[in-house]
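Data block below; observations after.
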Amino acid sequence: MKLGGFDISASALTAQRLRMDVISANIANAETTRAGYVNGKFVPYRRQVVVMEAAQPKFQDVLGQQLNGQSAQGVKVAAIREDSAPFKQVYNPTHPDADASGMVYMPNVDMLKEQVDLLAASRSYEANITALNARKSMFMKALEMGR
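Counting the sequence shown from 1 gives a position; this note's numbering is that position plus 1180.
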């Protein structure tokens, strides 16, 4: 038996949890100037962004939902992409990764943006938990009425 509402909330919880993990990695690497090695020199950490899309259900699931008058669909993570924003340049000639002019390339992580994204992801996570609990409560009430 498919439990459409539970599946939708579960997919959203999974996606938002991954989003929070990626945001946490961005925050943890906000000062990392040596995340990779390209063309003989170190490059800073590049911010990661989670891209989500509607989950594409299987044909038999869609057919069954349509026959039952349902149209449930979840969400999934389509990709984790690098943000193409340019690196920040900071003048710090004493930094070990400074170039000849004293400039250091820092990650393109904006802490304010990360905090806003983290707040949005955690609110979405909480909303899906609330929806999951409400659905569970409705099922429990329906079972009680059947006694």
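In this text, a Cβ means the ideal position worked out from N, Cα and C, and glycines have one as well.
Taking DSSP as the reference, what is the three-state secondary structure of residue i?
{"i": "Phe1267", "result": "coil"}
{"i": "Val1284", "result": "strand"}
{"i": "Ala1235", "result": "coil"}
{"i": "Lys1321", "result": "helix"}
{"i": "Glu1211", "result": "coil"}
{"i": "Val1289", "result": "coil"}
{"i": "Arg1303", "result": "helix"}
{"i": "Gln1295", "result": "helix"}
{"i": "Met1181", "result": "Only weak support is given to the placement of Met1181: the predicted model assigns it a pLDDT of 39, under 50, and the question is left unresolved by the model."}
{"i": "Ala1195", "result": "helix"}
Have a look at residue i and residue j and give me their C-alpha separation to the nearest angstrom.
{"i": "Asp1187", "j": "Gly1254", "result": "7 Å"}
{"i": "Val1278", "j": "Ala1215", "result": "With the sequence shown as reference, residue 1278 is identified as Ala, and Val is not the correct amino acid for it. Cα-Cα distance, rounded: 15 Å."}
{"i": "Ser1317", "j": "Thr1213", "result": "50 Å"}
{"i": "Glu1294", "j": "Glu1233", "result": "21 Å"}
{"i": "Ala1190", "j": "Val1218", "result": "39 Å"}
{"i": "Val1284", "j": "Arg1197", "result": "33 Å"}
Under DSSP, the beta strand (DSSP E) around residue i begins and ends at which residues?
{"i": "Gly1167", "result": "Given a span of 1181 to 1327 for the chain in the structure shown, any question on residue 1167 remains unanswerable."}
{"i": "Arg1261", "result": "1255 to 1262"}
On the criterion of 16 or more Cβ atoms from any shown chain inside 10 Å, does residue i qualify as buried, or is it exposed?
{"i": "Ala1301", "result": "buried"}
{"i": "Val1289", "result": "buried"}
{"i": "Tyr1225", "result": "buried"}
{"i": "Asn1313", "result": "exposed"}
{"i": "Pro1287", "result": "buried"}
{"i": "Ser1204", "result": "exposed"}
{"i": "Val1296", "result": "exposed"}
{"i": "Lys1268", "result": "exposed"}
The ligand SAM and residue i: does the residue's C-beta get closer than 7 Å to at least one heavy atom of that ligand?
{"i": "Tyr1285", "result": "You won't find the ligand SAM in this model; it holds no ligand whatsoever."}
Touching by the beta-carbon criterion (3+ pairs, under 8 Å), the segment 1259 to 1271 and the segment 1308 to 1326: The segment 1259 to 1271, when compared against the segment 1308 to 1326, does not touch it at the 8 Å Cβ threshold.
Validate contact between the segment 1190 to 1208 and the segment 1265 to 1281 using beta carbons, cut 8 Å, 3 pairs: no
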